[in-house]
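This report concerns only the one structure given below.
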Amino acid sequence: MFGLPSEWSLDVPERYFTLENYDGGVARWCPGCGDFAMLSAVQRICRDAQVPPEKLAMVSGIGCSSRFPHYMHAYGFHGLHGRALPVACGIKSRRPDLDVWVATGDGDCCSIGAGHWLHASRYNMDMVVMVFDNSVYGLTKKQTSPTTPLGFSTNTHPAGAFLPPLDVAATTLGFPNVSFVARTVDWNPVHLYQTLVTAHAHRGTSFVHILQRCPTYSADIFDEWRKDPDRILLLHHEEGVPADDGVRRTYKNQRLHDPRDLAAARALATPGEQLAIGLLYRNPEAPRLDEISVRGLGTARERRLALIEREIDRFAL
Amino acid sequence: MFGLPSEWSLDVPERYFTLENYDGGVARWCPGCGDFAMLSAVQRICRDAQVPPEKLAMVSGIGCSSRFPHYMHAYGFHGLHGRALPVACGIKSRRPDLDVWVATGDGDCCSIGAGHWLHASRYNMDMVVMVFDNSVYGLTKKQTSPTTPLGFSTNTHPAGAFLPPLDVAATTLGFPNVSFVARTVDWNPVHLYQTLVTAHAHRGTSFVHILQRCPTYSADIFDEWRKDPDRILLLHHEEGVPADDGVRRTYKNQRLHDPRDLAAARALATPGEQLAIGLLYRNPEAPRLDEISVRGLGTARERRLALIEREIDRFAL
Amino acid sequence: MTAPPASGSVTEPRRAARVAVDERIVEIVSDSGEGAQKAGQTFGTVCAKLGNGVWTVEIIPAEIKPPARSRAGASGIRVRFANRPVTNRGERAHLAVAFNEQVLYGRIANGAYGPGTVVLLESKWADDEQEEIRTQYRDAVADFRAHGLEVVELPLEAACLEVIPDPRVGKNMFVVGMLCEIFGRDLDKALDEVRAVLGRKGPEVVRLNQELVRRGWAFAERHVPFAWDVAAQAALEPQLVMNGNQALGLGILAAGIEVVAMYPITPATSVSHYLGRALPAAGGFLHQAEDEIAAIGFAIGASWAGKTACTITSGPGLALKTEFIGFATMAEIPLVIINVQRGGPSTGLPTKVEQGDLLAALYGQPGDTPKVVIAPATIEECFHMVVLARRLAEEFRTPVMVLTDANLATGVSAFPRPKIDAAWLAPEPDRSAWPEGVAPYDWDAETGLSARPIPGQRGGEYVVTGLAHTRKAKVAYDPESNQEGCDMRSRKLAALGRTLVPPVPHGAASGDLLAVGWGSTEGAIEEAVDQLRAEGLAVASLHLRFLSPMEPGLAEIFARFRKVMTIEINYSDDPQAPLVDPRHRRRAQLAMLLREHTLVDVDCWSTVRGQPYGPGEIAEVLRRNLVAPPAASKRGAA
Amino acid sequence: MTAPPASGSVTEPRRAARVAVDERIVEIVSDSGEGAQKAGQTFGTVCAKLGNGVWTVEIIPAEIKPPARSRAGASGIRVRFANRPVTNRGERAHLAVAFNEQVLYGRIANGAYGPGTVVLLESKWADDEQEEIRTQYRDAVADFRAHGLEVVELPLEAACLEVIPDPRVGKNMFVVGMLCEIFGRDLDKALDEVRAVLGRKGPEVVRLNQELVRRGWAFAERHVPFAWDVAAQAALEPQLVMNGNQALGLGILAAGIEVVAMYPITPATSVSHYLGRALPAAGGFLHQAEDEIAAIGFAIGASWAGKTACTITSGPGLALKTEFIGFATMAEIPLVIINVQRGGPSTGLPTKVEQGDLLAALYGQPGDTPKVVIAPATIEECFHMVVLARRLAEEFRTPVMVLTDANLATGVSAFPRPKIDAAWLAPEPDRSAWPEGVAPYDWDAETGLSARPIPGQRGGEYVVTGLAHTRKAKVAYDPESNQEGCDMRSRKLAALGRTLVPPVPHGAASGDLLAVGWGSTEGAIEEAVDQLRAEGLAVASLHLRFLSPMEPGLAEIFARFRKVMTIEINYSDDPQAPLVDPRHRRRAQLAMLLREHTLVDVDCWSTVRGQPYGPGEIAEVLRRNLVAPPAASKRGAA
Ligand SMILES: Cc1ncc(C[n+]2csc(CCOP(=O)(O)OP(=O)(O)O)c2C)c(N)n1
Ligand SMILES: Cc1ncc(C[n+]2csc(CCOP(=O)(O)OP(=O)(O)O)c2C)c(N)n1
Ligand code: SF4
Ligand code: SF4
Ligand SMILES: [Mg+2]
Ligand SMILES: [Mg+2]
């Protein structure tokens, strides 16, 4: 068609998706909210991978970050606080054709959702889990979250958070059957994009810990990392998150880290003097529950009827 | 009195507790159940420490193991499945005088209770948490638990468990603010006793992973360790679980392990060729929420009334 | 009558002639692990195959391995069989076979036996080496006799010893042989059954057990001084025999449900034990989730993605699912929720029966959550109502709750083999493009119904949410959108309600007393009504299967009776209790619904003893509640 | 009248004389972050201090930072004040001050304004540099006028510019000055209030804001063509002013509750914001748990250990607590559960009002869970009912649920300062030895009451369990133990119920129509009844505070009225809706309870628009529902 050689036309996909095809309308986060960055990164990834919008399942819990699905043109599931992961697993269980993404907050995932967080890691079904960590409860207007820094004042702990924060990436690395953990920051869109691309390419549950700015309730909380890029440690490896020149120029502090090395990943994960970003860990061999859950899918109707009849006959008098 | 020198009589406590004082009646576990071992170990520890029965709070969830409180003469809280830890924290929050013990199963703690498990580690309130790991759901008659070995056949997974098991000790070591993790086995009563004594002495949440035999539903599951004591690695250290000669003779395979070394603890925790027992990790400096929650306790009535009046006055027109 | 046993010579007739009776209730009780349940099931199956109506109920101890010879440790089975269909456990047993005397105490306390019950009791304890046990045994036997039980002491284990070295695990089949002889059942049928049940354990096991059956037969012939005959008529249609939980599991298969997500909880777990094997075998997936919340979340995810799923639970698990049930109602996600009710509140009585979750099913969620709630009354209906539930869930885009109970769960009975209809299977999710311009909640103003886009359908992209939303699934906080959504969801129940037909009373069309029930009590209530009608009383019963929406025509039916009362297994204040009067009485759950619904002064009788009701007990209650005819009552009025 | 403003010279009288009125409703609306709420609170406090009855309600946008000038973004406050006590938001506003025209659209859609409402509108948009904005502004003003609003365009920001460089954050105090002038309030009082509110921000901030107030006063004198007077009479007793959530928090302090465990959820969270500071200050501990289940578990643990605790939540959180509420009821653990109801079902309308959790509170748990449920009707009662709840919880050894709603939570009003009674404080846990021979559940057969051993009490050792148990707290699966436990727990409600006195209707003692309500609607319903009574109609209202046990004497009261109906903010089928008829109508929640309870044909009117009711709207409903007197109705009957 259009005078192209016939072999070429085979390469032309039936539909071509532009960014607009993933646009779900005006996103209603506060001005300057880090969540916008993730939205455009994911839209770009979908466009680049040419995922048809109807094949996307964007799942979330409740929180500012969990508004994410509303701003994508895609199938979306804006569920209950803390419960995004069980829903996402249920979706994936019998719909391997769907591209499942989860948007969850530090409260949603690590506080009320903590049990599911650990178990989703065990199940290791194929999906990308973006943990938007603004270190505070945003939607409910500034309460302490498990990632709130010690001493940071919130409405429930005006005298400062009582306990040291948990680190999302470090904690995930301790979970059973963990197969992919990366960390990135909302304020470096290139690294964010590349990290999510890497996560998306992984088959299994890819946890991405994203430091997300919340100018409204936790402004300046990441200033130590933002204002001093030298305190960021850029992980690189041929199997890791590819870092382009710009990113390498910004983050001069770099370390070669083999993402198969779990012990090293754990040592690197906990932020201290430095904050490591990039791929911390990846194990492509970790067993996946979705490989088991799909068994029997597409069994023909007649065959199913026959199987059911056989089951019933077991109870015949 | 009784002709003793007067200094001596000061040393005679007003009440002396024998094992019988902690006896809550006939324990109704199956013959050969490992739970009996923990019961007598705890009773001995209470006797040795002369804890008045009315100062004991034995908390549990639901499961065979969670029947524990019923068999102790003590205050007991046999609560809801998976929810022992929040209850125990609530008890401890304003009753520092109570000696809180938690008995929980691998399902109770690691499946339905997983979120609380992680957060109890964060809170690090002073209590002993005994995780009775028989690698199966006992009370409900043999379903898969998160610690069930891969391929082990249960009533819900007759063709064998789908996923590799999580290890209780290893997973706990990945939790935020973890302050004490040890492992022991029900079939070595001396090591069991000494491990629990060490846990009891620690101020903070002491997680003790106990391999517990369930002859009814997971018989032989620990045979590899039981039949071949050389596959057990006995951890020792001056700050660790003290091991007496008998234990040292049984478990010839020994390793000096500094319980302050978290990375080494993690490397040792996951069972492979060997199963490490003893104190894996201890951090006496981890912050404790119960040190904060008790603030204001015992404020005199008049002072409290005055404080309340002051608060009310803030709203005066 | 059948051929004499292969072994064992014909002896002197040692008893009166075989007595023909309409029905018999037999129990086998023992310490747990002695195979009493297997024996009862085998004998029950033999009876069912011959064409008796049969109902079996397991007797389950509270502990997993209670100590031997303990009162609370009674483990066993009750088999009620008759010359007509049997729908409930009946009353006192006619015959009990017991492997020790202590377990009988538990059953006597439960009211299972009384004067006239014959007990065939293992006698070896009389000579036990421990004096304590010998004394216990003698005392108990004297005790039982004093209470009117007819105790026949028999050396059962000793008789088995001739065949097997450890009779503890073999005497159960010996008892099957005895029972077959006592009731004149075909010995070959029993031997066939042994082969069917034990076949996979190898020929030697089968041979030994068949030999035990034969020995039991011979033993009974010689030592049991009575014999009964319960006439049977072979069924014309093929029959299935199973318990209610297996029927639910089969219903799930027949409904074409591919995903079941659950967390173990008594007495619902055995559905998943069945499905653990059968669901994958039929091409589906059973997910044992980390907890009940995750289980329903997983099921909702699968449902939303086009594979209408099922979650199964009981009381405490239902409580945990509360939030997600509200979500599924709000977001209009089809879902089948099976709740096998147990004794409550809280952890309560895990293995016992109660019908205490009706109001929680209807009203447990904060806010308005109109959903469909149905309750099977029989084991057969356990099967069919799952099929129905899936279809209602999809048609009405809503969760459907199926309420069964521990009584149905463990009761075993036969019913006609359903002819599986391909139309019962859930259709494959629609993969065609979504029609342009149609909103994701394209509510029909009359019925509230709408079709739903399924992920993968091009052009149907929308975001499902539990927040208030418009037809376009957009979050909306304006006043009208929420009102419209609530209206539309409620309207669906009205639409479904309009399709229902009024239930038909059993018994008198009008009269003095109408007993209303729901769920597993139907058989017992109707049998009670039949008894009273045989006495000439003008009573009837009405059994409800739809609780939400409520079945139509109730007020009209109630109006035909002088008094209406519910019979339920849940809590109500005893009207005689201190401080209780009609104005301050907490009533049984269905009674509350019916009062609100009809404004008729519906009374109730209910208990929370964890026991299924027998017909005699119900008949007694109804008799007590018969209102005196108007003439008499006028005199009584002030 | 007061002294003229310090700055600003006296100008020509520019308006008609000050008009005396009984009440006024004023709104200040703006984009969020412009300080409208602070302005309204300041003005409201000035009025309250003078002795007006005042009720203020926040206007909250759905998003945290909605875009500027958006219709859904209206943020602000309503202040209703009168020459008598005010108990509700009232009807249409008389006066609105708006910082842009777009936010007005949202309020108009909500029915907040109508013909006659005067709008003082920031006029700077007329000259905005963006043409689009200029057009929007002009169109809107024309639109408003066409709909009967009286729009007065005023250069508010421009006037502020004389004092501060960025009027966005200062004009709110300018408006306070304007309002004080319009209503002839004492300027000094306003200046004092500014100092009280802003004092901790330093003298410069105070000075600037006071200057803004003065300028606003002068500006209004010059530019606002009307003035009103709402008479005030200073209260004799000292008064407190606060919102309902603060009142709950203070109640917690005054009840001596030491432990509050919660998880943030709108609209309950602000209670914990208050307690985050105040509870530690009073010597207690606020635990923000990892989720709602852990929160109630923590509270139950503390309660069991002798420190009766409180957990606070709203709809979805209540759902998650279902299992533990059942446990606390079963195990008889005192506990105060505060549920600040929001719009439901599911996530629903988080910031909006609904009374949709009544049935879930009563019946949400599987099995029978008799508990106490009470509902404050006013902000003052929010305080006192927490104190009551703690005492009931301990006396009756049970969870007590306090149901408030988003309307009480954010409404602000004044009430007499309670005199704190030392007896309100929870006593220290008993440390004496437990009396020998007394069972841990030593149920009194008449009342079900029993004292509880507290850990630390020597000799009281027992194991609390959610399983069925005996008086000795021993797990028991026998039939009678469970029945006894259920009886005893239910008996407690009967015992409490017997101590209650019948509620007293407001208005006519008998007549044509009785409106029954509960919770936050009391003020609006009574005001509606007063209106109708002033018109000579025989109507009354009845407001319930105890929902479980139900208040006594209702049937007798209902019998005195020709028609009884509830007014509730929750869902009921519109009787006119398709497919709905009286037999198939899903009714409002209290109406269901009352019908069951009294068998009176209680009707209902309810909506789920997320809005509190105004008295006019209720009066309209009642008028429509007035039953024609018998003579007339006879003619109408078929
Ligand atoms: C069951 C339940 N509990 C509580 C809430 C209230 N709630 C909504 S979002 C949220 C926390 C949000 O914090 P986070 O997950 O970190 O997301 P963020 O808003 O910061 O992106 C809470 C507590 C709820 N909606 N449901
Ligand atoms: C909410 C709830 N869900 C499920 C159950 C049923 N249940 C009781 S114990 C148990 C699991 C027991 O396993 P585990 O914790 O390992 O203890 P064990 O019996 O092996 O000692 C389950 C699923 C319950 N009681 N409550
Ligand atoms: S509150 Fe914070 S996280 Fe939420 S939208 Fe605003 S900036 Fe983003
Ligand atoms: S089932 Fe297993 S864990 Fe439970 S009591 Fe028996 S042996 Fe112990
Ligand atoms: Mg957050
Ligand atoms: Mg276990």
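Chains as they are written, first to last, in my numbering: chain A, 36 to 352; chain B, 36 to 352; chain C, 911 to 1548; chain D, 911 to 1548. Ideal Cβ placement from N, Cα and C applies to all residues, glycine included. Because the structure is a prediction, the values reported are computed rather than measured.
Short of 7 angstroms in beta carbon distance, which residues of its chain neighbour ARG979 of chain D, apart from the five on each side in sequence? Order them along the chain. Closer than 7 angstroms at the Cβ level, and outside the excluded window around ARG979 of chain D, lie ASP941, ASN1010 and GLN1012.
What does GLY173 of chain A reach in chain D if we use C-beta pairs closer than 8 angstroms? Result: ILE974.
Any idea if TYR51 of chain B is buried or exposed, counting beta-carbon neighbours within 10 angstroms, 16 or more meaning buried? Exposed is the call here.
Would you say the beta carbon of THR251 of chain B comes nearer than 6 angstroms to a heavy atom of ligand 4? Answer for THR251 of chain B: yes, Cβ within range of ligand 4.
Check whether the Cβ of ILE974 of chain C sits closer than 6 angstroms to any heavy atom of ligand 4, and report yes or no. Result yes, Cβ under 6 angstroms from ligand 4.
Between the stretch 305–328 of chain B and chain C, which residues of the former have a C-beta closer than 7 angstroms to a C-beta of the latter? The residues in question: there are none.
Taking 8 angstroms as the limit between beta carbons, can you name the residues of its chain near THR191 of chain B, skipping five residues before and five after? Around THR191 of chain B: GLN178 and THR179.
Quick check: the stretch 190–207 of chain A against the stretch 273–285 of chain A, are there 3 or more CB pairs under 8 angstroms? Taking a cut-off of 8 angstroms for Cβ pairs, the stretch 190–207 of chain A and the stretch 273–285 of chain A do not touch, as fewer than three such pairs fall below it.
Taking a cut of 8 angstroms between CB atoms, which residues from the stretch 1181–1205 of chain C lie near chain A? Cβ contacts with chain A: ALA1188, PRO1190, ALA1191, ALA1192, GLY1193, GLY1194, PHE1195, HIS1197, ALA1199, GLU1200, ASP1201, ILE1203, ALA1204 and ALA1205.
Could you tell me the distance, in whole angstroms, from the CA atom of ALA1164 of chain C to the CA atom of ARG934 of chain C? The alpha-carbon of ALA1164 of chain C is positioned some 34 angstroms away from that of ARG934 of chain C.
In chain order, what residues of the same chain lie with their CB nearer than 7 angstroms to the CB of ALA1361 of chain C, ignoring the 5 residues before and after it? Same-chain partners within the cutoff: ASP1352.
Please check if any C-beta of chain A sits within less than 7 angstroms of the C-beta of MET1398 of chain C. MET1398 of chain C is outside the set of residues whose beta carbon lies under 7 angstroms from a beta carbon in chain A.
Which same chain residues end up closer than 7 angstroms to ASP265 of chain B when comparing Cβ atoms and leaving out the 5 residues on each side of it in sequence? Excluding residues within five positions, the ones whose Cβ falls inside 7 angstroms are LYS287 and ASN288.
Can you say whether THR182 of chain A is buried or exposed, counting buried as having 16 or more other CB atoms within 10 angstroms of its CB? The residue in question, THR182 of chain A, is buried, as its Cβ has 16 or more Cβ neighbours within 10 Å.
Nearest-angstrom Cα separation, counted from LYS1382 of chain D out to LEU120 of chain A: Just so you know, the alpha carbons of LEU120 of chain A and LYS1382 of chain D end up roughly 43 angstroms apart.
Buried or exposed for THR1179 of chain D, please, with buried defined as at least 16 other CB atoms from any protein chain shown within 10 angstroms of its CB. When all chains shown are included, THR1179 of chain D counts as buried.
Which residues in the same chain have their Cβ closer than 7 angstroms to the Cβ of PRO971 of chain C, if we skip the five residues on either side of it in sequence? Counting only Cβ-Cβ distances below 7 angstroms, and skipping sequence neighbours, we find SER942, ALA982, GLY983, ALA984 and SER985.
Verify whether the separation of the beta carbon atoms of GLY1407 of chain D and PRO1459 of chain D is less than 7 angstroms. Result yes, Cβ atoms of GLY1407 of chain D and PRO1459 of chain D sit closer than 7 angstroms.
May I ask which residues mark the beginning and end of the alpha helix (DSSP H) holding TRP1334 of chain C? No alpha helix (DSSP H) contains TRP1334 of chain C, which DSSP labels as neither H nor E.
With the cut-off set at 7 angstroms, would you say GLY140 of chain A and PHE167 of chain A are in Cβ contact? In this structure, PHE167 of chain A lies closer than 7 angstroms to GLY140 of chain A by Cβ.
How would you write the range of the alpha helix (DSSP H) that TRP136 of chain A sits in, first residue to last? Following the DSSP letters along the chain, one finds TRP136 of chain A in no alpha helix (DSSP H) but inside the beta strand (DSSP E) bounded by residues 134–140.
Determine, using beta carbons only, whether ARG157 of chain A comes closer than 7 angstroms to chain B. Closer than 7 angstroms: yes.
By how many angstroms is the C-alpha of GLU344 of chain B removed from the C-alpha of PRO1328 of chain D? Rounded to whole angstroms, the gap between the alpha carbons of PRO1328 of chain D and GLU344 of chain B is 10 angstroms.
Excluding five sequence neighbours on each side, which residues of the same chain lie with their C-beta closer than 8 angstroms to the C-beta of VAL1537 of chain D? These residues qualify, in order along the chain: ASP1422, LEU1423, ARG1472, LYS1473 and SER1543.
Chain-ordered neighbours of CYS124 of chain A on chain C, where CB pairs are closer than 7 angstroms: Correct list: PHE1208 and GLY1211.
Report yes if the CB atom of THR1476 of chain C is closer than 7 angstroms to the CB atom of ALA1438 of chain C, and no otherwise. For THR1476 of chain C and ALA1438 of chain C, no; Cβs fall outside 7 angstroms.
Which class does ILE1092 of chain D belong to by DSSP, given the choice of helix, strand or coil? It is helical.
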